[in-house]
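To start, the structure itself, in C-alpha cells.
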Amino acid sequence: MSGSLIHTPPGAPALSLRDLIHRLARELRIAAAIADDCQDAIGDDDGIELAHETAVRLQGLDLLSQQLIEIGRVLDRLASDGVDGHASPTLLDEVCLSDVKQRLTGASAEGVRLPDLEIW
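Shown next, in the form of C-alpha cells:
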C-alpha cells in the first residue's frame, strides 16, 4: 500500500455514484473484518488475563467494527434506493492508499480480500 496522493489524470471518466457508494460500503466491511481479526487475536487466548484498560479497548474495537458494518449497510441501502448521477473522478484524489483508491474507482478487481498485514 502506498501513502502518497495519486492524482486523477485529465479526462478520466466520471464515477457512478451508485457504484462508488457500494464500493465505500465494501471498504467499511474490509475495515470491520480487520478490527474483528485484531480483537480475536487478542481476546481469544484464554491463557491471557487482560488488564481492565485492555479489555475496555477491546470492547471499543468491537463497537468500531459494528459501527463500520452498520454504516456499510446504510450505504448499500442508499445505493440500492436508486441513487443516480456521477461524481468527478477527482473526488478521490485525496485518498492516499493506492489499493483503496483503485477499488473505489473500479480500477482493480471487485473481489474483496483482506490486505496482508505486516507484524512489526
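In terms of this note's numbering, the sequence shown opens at residue 1187 and continues consecutively.
By construction, the Cβ of each residue, glycine as well, lies at the ideal position given by its N, Cα and C atoms.
As the structure is a prediction and not an experimental result, all values here were calculated from the model.
Straight-line Cα distance separating residue j from residue i
{"i": "Met1187", "j": "Leu1283", "result": "Unreliable placement is indicated for Met1187, whose pLDDT of 46 sits below 50; no coordinate value is reported for it."}
{"i": "Ile1216", "j": "Pro1196", "result": "30 Å"}
{"i": "Leu1267", "j": "Ala1237", "result": "Reading off the sequence, residue 1267 comes out as Asp, not Leu. Their backbone Cα atoms lie some 45 Å apart in a straight line."}
{"i": "Val1269", "j": "Gln1253", "result": "23 Å"}
{"i": "Pro1275", "j": "Ala1265", "result": "18 Å"}
One or two residues paired with residue i in a DSSP bridge
{"i": "Leu1278", "result": "Paired residues: none, contrary to the question."}
{"i": "Ala1211", "result": "Ala1211 pairs with nothing; no bridge assigned."}
{"i": "His1272", "result": "Ser1202"}
Cβ-based neighbour list, residue i, same chain, cut-off 7 Å, excluding 5 preceding and 5 following
{"i": "Trp1306", "result": "Interpretation of Trp1306 is limited by its pLDDT of 47, a score under 50 that renders its predicted location unreliable; the figure taken from the coordinates is listed afterwards. Correct list: empty, nothing qualifies."}
{"i": "Asp1205", "result": "Gly1292"}
{"i": "Ser1202", "result": "His1272"}
Counted within 10 angstroms of its Cβ, other Cβ atoms place residue i as buried (16 or more) or exposed
{"i": "Val1286", "result": "buried"}
{"i": "Ser1251", "result": "buried"}
{"i": "Leu1249", "result": "exposed"}
{"i": "Gly1258", "result": "buried"}
{"i": "Ala1241", "result": "exposed"}
{"i": "Ala1227", "result": "exposed"}
Own chain partners of residue i with C-beta closer than 8 Å, once the 5 adjacent residues on each side are dropped
{"i": "Leu1261", "result": "Ile1207, His1208, Leu1210, Ala1211, Leu1214"}
{"i": "Leu1278", "result": "Thr1194, Leu1201, Lys1287, Leu1290, Thr1291"}
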